[in-house]
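Rendered as structure tokens:
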């Protein structure tokens, strides 16, 4: 006959599980706070210490630009990035970061190229970009309602879509360019200029 576990054993198991969960929750909270603080420092650095976030309206519309099958698209994509392609240097050691909005843009550009010139060696990069875009769509959910089936629209007559309220991306682009110019000046002064990337584009 099997004996029922004693109340002391049940209490000991409960305390052990509670201790493990408490440690795990504490660790998770510490990581969360550190990530929030690091993110706040990056935002503050990008804005030059200014915590005012400008909001702008963006109306979604179809365009004939940025088509990867068009030879001019490469230049259109190139000039949609700030100097340095969205890289950002911070701190006395000029540690490299990448501004998320330009990482997203890079992924959209890369996926477009893949659709035109698919190669099996690019699938790892493609998977990375799809995953980044999926996660960032969840990170910044846009609650704008989009009417009906977009495939039913006549895009030659109805190009304009919904209006979204966005953070001012031009301010972020300007801050990225300003940061790149400062970093480039530091590299030049330190004698470590890479002649292949002097223009930052």
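In this note's numbering, the protein residues as written are 3 to 203.
Here a beta-carbon is modelled for each residue, glycine too, at the ideal position from N, C-alpha and C.
Asked: Beta-carbon contacts of residue 70 that lie in its chain and below 6 angstroms, excluding the five residues immediately before and after; Found: 114, 115 and 118
Asked: Segment contact flag, the region 65-84 with the region 164-173, C-beta cutoff 8 angstroms, min 3 pairs; Found: no
Asked: Per-residue burial, residue 185 [other beta carbons within 10 Å of its own, 16 or more giving buried]; Found: buried
Asked: Pair within 8 angstroms by beta-carbon distance, residue 178 and residue 86; Found: yes
Asked: Cβ-Cβ separation, residue 135 to residue 109 (assumed contact under 8 angstroms), whole Å; Found: 5 angstroms
Asked: Contact under 8 angstroms by Cβ, residue 81 with residue 104; Found: no
Asked: Cβ-based burial, residue 88 [other Cβ within 10 Å; buried from 16]; Found: buried
Asked: Residue 181 beta carbon less than 8 angstroms from that of residue 91; Found: yes
Asked: Boundaries of the alpha helix (DSSP H) in which residue 89 is found, first to last residue; Found: That residue, residue 89, is in no alpha helix (DSSP H); its beta strand (DSSP E) goes 89-92.
Asked: Delimiting residues of the beta strand (DSSP E) encompassing residue 145; Found: Unbroken run through residue 145: none, as it is neither H nor E.
Asked: Residue 143 versus residue 98: straight-line alpha-carbon distance, rounded; Found: 27 angstroms
Asked: Between the CA atoms of residue 138 and residue 128 - distance to the nearest angstrom; Found: 15 angstroms
Asked: Proximal residues to residue 154 (C-beta, below 8 angstroms), its chain only, five neighbours per side dropped; Found: none
Asked: Straight-line Cα distance separating residue 10 from residue 146; Found: 56 angstroms
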